[in-house]
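Just below is one structure, and these are the notes that go with it.
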């Protein structure tokens, strides 16, 4: 009994550590983004999940450099529906009970030469526990040098975790962020991982933290490099066109969006990912 | 045998009549829209359905009054997948064989005071045969008088068919064009009907033709009345915001869009419905 009690206590500690990290990362990212912004700052809105427990905080900035960027954190718990628990590892064994905490970020940039970006990491607990997440780059005008920098920075974080992790998570990302009806990739990729549970929670958590840190190193230099580049109405029209593809992917295919919309999640938080200005010309 | 042969011949004649009507209605609508347009005309593009039979013609106009309007016709035939035929009346009994012909229209208007509109009518044949369709109005700024005119014109067509038809099809429309995750209607309604088969094909076909004619009488006066109204950047911003809702409905819920995208339909024709300029501010 003592051993089980201690294990449960460890698990509660782990949940708290993860939740605290997602919040700390949110603060760090918001500060880094505000440092690149010339006008505006993040506005935070709390929300509470009903009828079940938990909630979150949306942080939204509408600026000059960051045309629209949302950085959301949430920690929720409750019970998955009978239908849904079949799709989630360990949920049936547990009567559908779950706990989930995470951070989710989407930035749509004013300048067509600064790539849009998405980042998300999360910890999920059913009768099992795991991490998931990733980050991917969505430039209207892909620049080889930028794509290389983004990927290499993530590769370093992955290789600190496992030698094969980058290849595996890069491939997963390419497969996930693909728009079948357009026969095209949503962006230029990044990494995507799910069901991460090596048996060593501390090691997995360290990786997730590393991905969060690597995200800033991978992305902020691309903002700095491109945010003052001159652009024309035509560049901007192309940006809006590419954002249409981004919206198509999120509304038709994205698992998180579909799940959230159809199970009564916080709609404002879920759809914060949609572009501020877009076009199907 | 003679009786069955004659019935089959009737059925082939009916398919031809329906297909010819959808084409004639397309021509009539395109002419009526071009008469209201100050700049631009419809450009037609044919497409062929592979590997199975049939195809269609997209007609697209990007004008000053009609910012983006698509009027598509198609006649296709083939075999539904094992999974899909279970959802379609009469398809299992027939080895999944189907024939379908129809017209589909979406108009996004430049002036925020001219409502966007959608109209579609179709004839489907499996081992059964029926009509479906409807039309609904999507104003950024609902005007009571316009909504009343639109509904009353459709009501007259419905009442020529059956005394209860308008109430039934109006309700169906309100239920169908509802955005659950926003808890709001997509627009101000209209009519929606499906599986229409009274046993008297000629009567049902006459109703479908009547709906097509009524559409023009219901909509063209709203274009004429509102197209020259002055508007501001704020009106235009609100129009773009409402178009975001339209895109959300079509990409997340619309059965035709979902079906088309996931079964290899003509993507350009299916997504012609998406707004030329929209925003999630």
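Residue numbers (the numbering used here), protein chains in the order written: chain C, 1 to 281; chain D, 282 to 562. Glycine is no exception: its CB is placed at the ideal position from the N, C-alpha and C atoms. Just so we're clear, the structure is a prediction, and the values are computed from it rather than from any experiment.
Any C-beta of chain C under 9 Å from that of residue i
i	result
residue 424 of chain D	no
residue 332 of chain D	no
residue 558 of chain D	yes
residue 555 of chain D	yes
residue 528 of chain D	yes
residue 343 of chain D	yes
residue 552 of chain D	yes
residue 329 of chain D	no
residue 521 of chain D	yes
residue 435 of chain D	no
residue 533 of chain D	yes
residue 548 of chain D	yes
residue 418 of chain D	no
Exposure label - residue i; buried when at least 16 CB within 10 Å
i	result
residue 419 of chain D	buried
residue 429 of chain D	exposed
residue 320 of chain D	exposed
residue 472 of chain D	buried
residue 3 of chain C	exposed
residue 71 of chain C	buried
residue 120 of chain C	buried
residue 127 of chain C	exposed
residue 443 of chain D	exposed
residue 329 of chain D	exposed
residue 484 of chain D	exposed
residue 183 of chain C	exposed
residue 171 of chain C	exposed
Three-state secondary structure assigned by DSSP to residue i
i	result
residue 397 of chain D	strand
residue 474 of chain D	strand
residue 144 of chain C	helix
residue 451 of chain D	helix
residue 546 of chain D	coil
residue 323 of chain D	coil
residue 340 of chain D	strand
residue 407 of chain D	coil
residue 15 of chain C	helix
residue 27 of chain C	helix
residue 554 of chain D	helix
residue 468 of chain D	coil
residue 131 of chain C	strand
residue 538 of chain D	helix
residue 402 of chain D	strand
residue 561 of chain D	coil
Member of the options whose CA lies at the smallest distance from the CA of residue i
i	options	result
residue 343 of chain D	D:366, D:402, D:315 and D:360	D:315
residue 476 of chain D	D:313, D:381 and D:306	D:381
residue 41 of chain C	C:27, C:54, C:48 and C:4	C:27
residue 219 of chain C	C:150, C:185 and C:104	C:150
residue 301 of chain D	D:356, D:327 and D:345	D:356
residue 374 of chain D	D:384, D:363 and D:383	D:363
residue 340 of chain D	D:348, D:331 and D:354	D:354
residue 527 of chain D	D:293, D:445 and D:469	D:469
residue 306 of chain D	D:383, D:394 and D:391	D:383
residue 64 of chain C	C:244, C:95 and C:227	C:227
residue 324 of chain D	D:331, D:313 and D:338	D:338
residue 411 of chain D	D:487, D:510, D:424 and D:399	D:487
residue 209 of chain C	C:10, C:17 and C:8	C:17
residue 240 of chain C	C:165, C:108 and C:145	C:108
Residue range of the alpha helix (DSSP H) that includes residue i
i	result
residue 527 of chain D	514 to 533
residue 491 of chain D	482 to 507
residue 52 of chain C	Counting along the chain, residue 52 of chain C falls outside any alpha helix (DSSP H), and DSSP gives it neither H nor E.
residue 82 of chain C	82 to 85
Below-9 Å beta-carbon distance, residue i vs any chain D residue
i	result
residue 280 of chain C	yes
residue 258 of chain C	yes
residue 112 of chain C	no
residue 68 of chain C	yes
residue 216 of chain C	no
residue 182 of chain C	yes
residue 39 of chain C	no
residue 65 of chain C	no
residue 105 of chain C	no
residue 222 of chain C	no
residue 196 of chain C	no
Span of the beta strand (DSSP E), counted from its first residue to its last, around residue i
i	result
residue 97 of chain C	97 to 109
residue 371 of chain D	No beta strand (DSSP E) holds residue 371 of chain D; DSSP gives it neither H nor E.
residue 74 of chain C	66 to 79
Proximity test, Cβ basis, 9 Å: residue i and chain B
i	result
residue 525 of chain D	No chain B is part of this structure, whose protein chains are labelled C and D.
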